[in-house]
Structures are given as structure tokens and as C-alpha cells.
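Encoded as C-alpha cells, the structure appears first; notes follow it.
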Amino acid sequence: MAYSAGTPKDITRRQMLRRIGLTALVAGPAAGFLSSCATSGAGGGDAAPATSAAAPTSGANPFGVKADAPLEVVIFKGGLGDSYATDVHEPLYKKEFPNASVKHVATQQISQTLQPRFASGDVPDFIANSGSDLMDNGALQTEGQLLDLTPLFDAPSIDDPSKKVRDTLVPGTVESGLIADKPYILNYVFTGYGLWYNAKLFQEKGWTPPKTFDEFKTLCGTIKDAGLTPYAYAGKNASYYQYWMILITAAKIEGNQVLIDIDNLADGAWTRDSVKQSAAAWAEIGKFMDKSYEGLIHTEVQTRQNQDKVALYPSGSWLENEQKDNTPGSFEYAVTPTPSLTASDKMPFEAIRAAAGEPYIIPAKGKNTAGALEYARIMLSKEGAKGFTEKSGSLTVVVGAAEGLSLTPGLKSVADAQTAAGNNIVTYSSFENWYKELETELRKQTNSLMFGRITAEQFCANMQKKADAVKADSSITKQNRTV
Amino acid sequence: MLTSAKTRMYGFVFSFLVIPVALYAVFVIGPYAQAFYISLTNWRGITGNPQYIGFENFTRLFSDEVFWAAVRHHALLLVAMPLITIAIALFFSFLLNLGGGSKGGRMTGVFGSRLYRVVYFFPQVLAVAVIGVLFQAVYRPDGTGIINGLLDLVGIAPVGWLIAPDLALWSIMGVLVWQSVGFYVVLFSAGMAAVPKDVFEAAALDGAGRFRLFFSITLPLIWDTIQVGWVYLGIAAFDCFALVQVLSVDRGGPDNATTVLPLEIWRNAFTFSKFGYASAMGVALFFLTLTFAALSLRVTRRERIEL
């Protein structure tokens, strides 16, 4: 979910240029020695933390921010853009502390930008740790680089000082950012996941979104006969859009416990019936895909959907905003939950995966940690959240912050789906951030499964093998979640 | 004992050498030595205190199937890529220099060879990343790809150049060959130009055809140049990072079909935060490259032909 800003390995010109630079270093026999220069003089681990003298705390200034202490904010500039920071949150912070300077850094490659800074101890104060090159939060926490956000969630809310910040958020938000039982991550964006389609096209053709996999297959046949590709995802860089669907279906069959067990590397979690059935059902849908989609990137497939060449597309609620420049007037985004597999599924059809996503973190050894906490508190105010929704086209975890805003069709459809789902919420998956190796393997196996190179049984066996390997690897710090 | 003049001379030479040697030590040998050390630690790249874990990273390498897939791909690239590139480059440079036969007692290239020489060199001028992006469009798997669009005109169904596991690595190799041929055409042309023309003319007068001229005269006489080309291409075959990164499905896919060591080093370092393990791969790559260079120089050693 961490890279849910919808900018998976987008190869932009800028990245390209940067990669040339990287290539020059990595290429050739000297490869691997790139890392070497990074340790020299790295005193990061021992550097003295927080250098700013704290001001006294008060109701209005619960973290004791020093009024003239500079603040450095690093924002991942992906599908959400960065104007929400430059035009909303940073001005709000400046309003509160007019004497403080705010330094804004936008990047598409968080890891390449910040890894050397962490290694040398010169860290920024606040980070939107997102995109496909985000830093490994588990590793950061293990190394003592992340600030425990408990004080933030226990601080009084800006809108209603009688309430704690944690009580103004969508349930599950704080839990979604736990590492080793403490909240180290602020997942700020409320994201709904499902199958996206053109409501106008479906209405015109008389198609209804499927409620079961049987209906799904029938509909795929109908759509194929009409000359469209019924279902597609981008195999080249966004296979995780598809593995989310496989995980959601498994959770609908067995309940959220299967996802929690997968996260906890429980023995045999991947070979359970629910995962097998889900993989098999999706592999059937895969037969309706055109092979060429394995070689396309997400924006290419999304553009084909906007041209009504693809009917159903798995993604999250950032999709509409990401495509807004390419969406013709004849296209109206709507989302539908993933279909049910059996009559005995634990969760109803309406259940959707809706989760707090987009991790924001505060480095423990920043120079102005109090300022960063205050910055986060401003983001979690109604004004901050509303501004975010206006600028980024995404909902936040702040309850009621979107009230009074006129939502776009796709966003409204997410809000409706959330209402229909009620308490039937499919949980997030933490292994994606905890164990990147397992995540990388899942991408590989998902493409293999969906494009017909392996069976559902092989898919489960291969994933279990990798999960066991990660579990047995003493160099990887293990995490655990109970909710 | 050295005379003062000799001392001055050595001092002079030494003063010229000390700066480059110092730079080399600091910027090349230093990092290498450090990487050897890092490969023995579990450094995660975040703090400055790696823990020593002995040869654990190396024992893990032996059971890492992705590592072995990458090594296999290097082996294939090492054999196929230089062979194909050198064969094509030799063919072209022969045509450009001697293919036109004898005119007025002088050996000439085919018609328009000056133009071809420039055109062949174009791909060499482009940056690898630009080529990667270019070939994304060339190889796109549906009808909008350039090759598939052309195939479509003659009624052939689109080919999954980069998505068929059996084809993907060859497609990427095709790009490498496309890019390098021009350079080797120029290199071999220079080699051929260094051979005295009268050798060819004498052979032509004795009735040698083009095949004879190529295999019995040209090839043995420019063998040294080919040997150098082979080593260069071999070292290039150990890289391929940028092309694989840009072109392949999910960076090294489908199903590890195109992955190479530099890509896995990059992934382990920057995606998995396993700098120690990545360094171990780097050390393995270092020894593979050295072994290749030593072997290929030894195997291709031949009697030098004195002219």
C-alpha cells in the first residue's frame, strides 16, 4: 500500500537521467562497490539527536515547538503531487510559526535521496515515504531512526481540543502504522480498492458489475464478444495491483485472519484453501486478458481503459486523479468490490479493502522533531485534510473532513462503497513493507499465475517457499501484528 | 649508487605518478577494499555500524536461485553477445574496406561505404538509457510496438519480445548488439587499414576470392584487434544493468528470465536494504569478471603474425 500513490516504476525523463548517473556507478566490474563510499564517515548511528532547544509546551503547542526552528519537509511527488504540502500544510505551519523557515523538498525517489542522508546523520524533519523507491520502514525502525508517534495521536486535536487526535481518525488508522507494537507510521490517505470501470459505458451496453466469480466469467465472455479486453492489469510494473485482488478475495473467503497470518509469516498461510481458491479463480479471469498486457506499464493500460479498450481494471482510489488529464468526457470512473467466490464466503460481496495508506514518517534524529509532530497534527486537522483532498483528489483518514466538498464521481463511488461495506472491511497487508523480498516474489508469481505459466497450486507453493525462507533468515527482523 | 642526475629523473617521474596513483588508491582501490569488508557484514545501509558476520552472505549466495539465474544469463551473454557482435562487425567492416574488390590495383569498399561507416556509428553515440526508452517502443508487445506494427502489416500476430520468458533475454541482447556493432565496425576497419594493402592485392592477384581473402588473410592479420574487442564485449556482458532495468518486465522478469547481477545488486541494496548481501554479490561479480578477462586472453592467444 505504501506505493499506492499510483506511481509505480513510472519511467520519467528525470528518473531516466538519474538512472544514467546511477548506472555509471553500478555498471561494470565495479558494481556493488557503490555502497562502499557510503559508510565512510557515516556517524549517523551515533550522531546527537534533536538539537533544537524545546519551548515550553502548552495546549496550543503540545509538543513545545521552538517558534523560529527551521523545518525541512520531504514529499514524494507521485500520483498525489506535492501542491498539498506547498499550498496547504506548509502555509498553515507558517501561519502558526511565522518566524520558522520551511524547506520543501520534492522527489520521486525517496530512497536514493534520503539513504545517504540517514547514513550520515543529516536527516530532514518530516518525510512522505512513498513511491516505489521508498525507504524500508522496518529497517529504519530497527535502526532506531523512526520517531514513536504516540505523542501525536495522544495530542489534543486542533479542531476540538477536548478530543485526542487518534479519536478524530478512521478506525484502524493508528494500528496500520504499528511496528513492534508502537505507531511509527502515519498512514494519512484513505484508500479504497476494487475493480474500476466506466459507468457510462456499462450503462450504455447494459452491463452490470459482477457480484460473483461466475457472473464475472460470464460478463467477461460478453465483453470479449463486444470487442473489448474484459480485464487487464499492467504486468510490467504494477503486478501488485493484481496481487491485492488475489489477497482481497482470499480474505473474503476466509476472513481477515488469513492476511494477518500471511503478515506474521505463519506456517502454511500461503497454502491455505482460501488463497488457493482465490488464486485459481483469478487465474481463470487471467485467461480473458491479452498476453501483451504483461509488457505494459500501468499508465498505458489505464489509457487503454480510458479509450474503452479495457473494461475492468484493478486499482485504488487514486486512479481517477492520476488519470484526470487523460480521461475523456465519455468516461466516468466507478468502483465495484471484488466479486464473491462461494456462497459460504466469510465476508459479503460489499466488503472492500479500504485502508489508511501513504506512509508519512518523522525521523527520530531530526533537528526539529517537535515541529514535525506539529506539522503532522496540522495535516490531521479538518482544514489540513480538506485542503489535501482538494489538491490531491484523495480522501484522508480524518473523519468528516470531506464534508461540504463536492466529490468527483470516482471518489463519490469510493465513499458509497465504503458506506455499503459498513464494518466489512478487508484489512491491509503489512508484509508489503515489512518484507520487501516476499513482496518482490509475489509480484513475480502473480504475473506467472495470471499469464498462465503456473497453476494456483504452484503459486501457493512458491509463495510459501519464499515466506519460509524469509522466516528462516536471521538477518531480517521479524514483525508481528494482532489486528 | 645513483647519480644526482638519475635521482632527479626518478624524482621527476615520481612526481608525475604520485597524484594519479593516489587518486586511484582513494577512489578505486579504497572502495573495493571497503566493499570486500562490507560483504562480510550485515550492513543495512542505514546506520554506520555494520556487524561482522563472516562468510554468511556468501554461503547464502550459493542457495540463491535468483543469483544463479543471473550468473547463467551472464554466461549466455558472454558467449552469444560477443560472437554475434564481432561476426556482424567483421562482415560489415570487410564489406566497407575490401568488399568492393580491386579497382585500378587498389582494394576498395562497397559503394557508399563512407556513408555507411557514419550511419553504423550512430547507435554508439546514444546514451544507454535513451536506447532503452527507444526500444520500449520498438518491442512493445501489442500492435502499437514498432516491430509488431510492421509484422501486423504482413499478417503476423504480435510477438511478445520482452514478455515471453524464452525470448526476453535474446531481445535485450539484440539491443546490445545493435548498439555495439557500429563501434566494432570502426575498430576493425582501423585494424584492416593497418594491414599493408599490397598483402590483399597480392592475394587478389593470385586469384583469392572474397571468402579466401577474408578467412585466410584478413582474419589472421587483425586477430589482436578482435581479441581486444572480445574482452571489451565480455565486460559489457557483465553489465546490462540499464537496459534490463528499463526494458524487462518487473525489473528482471518475467520469472527472472532477464535478470543480471548488477540489477540484483541494486535491488538488494536499495529495495531490500541489504547492502552486505549486495556487496557479496558485487565481490562475486568482481571475481567473475577477472576470471573472464584472464581466461579469454589466454584462450585466444595465438602466434603473432609478423608483417
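Residue numbers (this note's numbering), protein chains in the order written: chain H, 21 to 503; chain D, 283 to 589.
Don't be surprised by glycine CBs; every beta carbon is placed ideally from N, CA and C.
task: Using three-state DSSP, classify P250 of chain H as helix, strand or coil.
output: Reduced to three states, the DSSP call for P250 of chain H is strand.
- prompt: First and last residue of the beta strand (DSSP E) that includes R373 of chain H?
  reply: Looking at the DSSP string, the run of the beta strand (DSSP E) that includes R373 of chain H is I372 to I381.
message: Tell me the residue span of the alpha helix (DSSP H) that contains F373 of chain D.
response: Residues E347 to N379.
query: Measuring CB to CB, does Q316 of chain D end up less than 8 Å from T323 of chain D?
result: At least 8 Å separates the beta-carbon of Q316 of chain D from that of T323 of chain D.
field: Neighbouring residues, chain H, relative to P440 of chain D (Cβ below 7 Å)
entry: Within 7 Å of the CB of P440 of chain D, the CB atoms of chain H belong to S312, in sequence order along the chain.
field: Three-state class that DSSP yields for I429 of chain D in the structure shown
entry: Helix.
message: Taking the straight line between their C-alpha atoms, what separation do you get for P181 of chain H and Y333 of chain H?
response: Distance from the CA of P181 of chain H to the CA of Y333 of chain H, rounded to the nearest whole angstrom, comes to 43 Å.
- request: Would you mind sorting P357 of chain H into buried or exposed? The rule is 16 or more other CB atoms within 10 Å of its CB.
  value: By the 16-neighbour rule on beta-carbons within 10 angstroms, P357 of chain H is buried.
field: Limits of the unbroken beta strand (DSSP E) element including H318 of chain H
entry: Taken as a continuous stretch (DSSP letters only), H318 of chain H belongs to no beta strand (DSSP E), being part of the alpha helix (DSSP H) at H318 to N326.
task: Please check if any C-beta of chain H sits within less than 8 Å of the C-beta of I328 of chain D.
output: With 8 Å as the cut-off, I328 of chain D counts as an interface residue toward chain H.
task: Evaluate the contact criterion for the region 395-415 of chain H versus the region 93-112 of chain H: three or more CB pairs, one atom per stretch, below 8 Å.
output: Flag = yes, the region 395-415 of chain H and the region 93-112 of chain H touch.
query: Hey, how far is the Cα of N444 of chain H from the Cα of Y559 of chain D?
result: Spanning the two alpha carbons is a distance of roughly 42 Å.
query: Which same chain residues, not among the five before or five after T323 of chain H, have their C-beta less than 8 Å away from its C-beta?
result: Result list for T323 of chain H: Q343 and N346, in chain order.
Under the three-state DSSP convention, the category V400 of chain D falls into: Correct three-state label for V400 of chain D: helix.
query: Would W590 of chain D be called buried (16 or more neighbouring beta carbons within 10 Å of its own) or exposed?
result: Residue numbering for chain D in the displayed model covers 283 to 589; residue 590 of chain D lies beyond these limits and cannot be assessed.
task: Give every residue of the same chain whose Cβ lies closer than 7 Å to the Cβ of G425 of chain D, excluding the five residues on either side of it in the sequence, and list them in chain order.
output: Only G431, D434 and P440 meet the Cβ criterion.
field: Rounded separation between Y314 of chain D and T390 of chain D - CA only
entry: For Y314 of chain D and T390 of chain D, the distance between alpha carbons rounds to 49 Å.
- prompt: Would L160 of chain H count as contacting chain D if we go by Cβ distances under 8 Å?
  reply: L160 of chain H belongs to the set of residues whose beta carbon lies under 8 Å from a beta carbon in chain D.
query: Touch check for the region 293-305 of chain H and the region 163-176 of chain H: three-plus C-beta pairs under 8 Å?
result: No: the two stretches stay apart, fewer than three of their Cβ pairs being nearer than 8 Å.
- prompt: If you draw a straight line from the alpha carbon of R354 of chain D to that of L425 of chain H, how long is it in whole angstroms?
  reply: Each residue's alpha carbon lies about 57 Å from the other.
field: As assigned by DSSP and simplified to three states, the class of Y455 of chain H
entry: In the three-state scheme derived from DSSP, where H, G and I count as helix and E and B as strand, Y455 of chain H is classed as coil.
- request: Taking 8 Å as the cut-off, decide whether the C-beta atoms of E378 of chain H and Y208 of chain H are in contact.
  value: Contact flag set, yes.
task: State the DSSP-derived secondary structure class of E116 of chain H, mapped to helix, strand or coil.
output: Helix at E116 of chain H.
message: Alpha carbons only, please: which of H:K464, H:A376 and H:R473 is nearest the one belonging to N538 of chain D?
response: Selected option, being the one with the closest Cα: H:K464.
task: Counting only runs of 4+ residues fully inside the region 255-323 of chain H, write out the alpha helix (DSSP H) ranges in chain order.
output: Runs of the alpha helix (DSSP H) inside the region 255-323 of chain H: 259-274, 277-283 and 293-306.
query: Just by C-beta distance, which residues in the region 515-541 of chain D are closer than 9 Å to chain H?
result: Sequence-ordered contacts of the region 515-541 of chain D with chain H read I517, A518, F520, D521, C522, F523, A524, Q527, V528, S530, V531, D532, R533, G534, G535, P536, D537 and N538 [C-beta pairs closer than 9 Å].
- request: Measure the alpha-carbon distance for G247 of chain H versus T466 of chain H and round it to whole angstroms.
  value: Distance between the alpha carbons of G247 of chain H and T466 of chain H: 26 Å.
message: I want to verify the contact list: residues of chain H whose CB lies under 7 Å from the CB of L444 of chain D, in sequence order.
response: Near L444 of chain D (Cβ distances below 7 Å), the residues of chain H are G315.
task: From the DSSP output, in three-state form, read off Y204 of chain H for me.
output: In the structure shown, Y204 of chain H falls within a coil segment according to DSSP collapsed to helix, strand and coil.
- request: With G336 of chain H as the anchor, note down where its beta strand (DSSP E) starts and where it stops.
  value: It spans V330 to G336 - the beta strand (DSSP E) in which G336 of chain H sits, taken as one unbroken run.
field: For Y213 of chain H and M19 of chain H, the rounded distance between their alpha carbons
entry: Residue 19 of chain H falls outside the range modelled here, since chain H spans only 21 to 503, and no answer is possible.
field: Chain-ordered chain D contacts of E457 of chain H [CB-CB under 7 Å]
entry: Those within 7 Å of E457 of chain H in chain D are F554.
field: Unbroken beta strand (DSSP E) run spanning I95 of chain H, endpoints
entry: I95 of chain H -> beta strand (DSSP E) spans L91 to F96.
query: Mind checking if P423 of chain D is an interface residue toward chain H, Cβ cutoff 8 Å exclusive?
result: Judged by the 8 Å Cβ criterion, P423 of chain D is in contact with chain H.
- request: With 8 Å as the threshold, decide whether the Cβ of N324 of chain D is near any Cβ in chain H.
  value: Yes, contact with chain H.
message: Against chain D, does F14 of chain H count as a neighbour if the rule is that its beta carbon must be under 8 Å from one of theirs?
response: This structure gives no information on residue 14 of chain H, because the portion of chain H shown stretches from 21 to 503.
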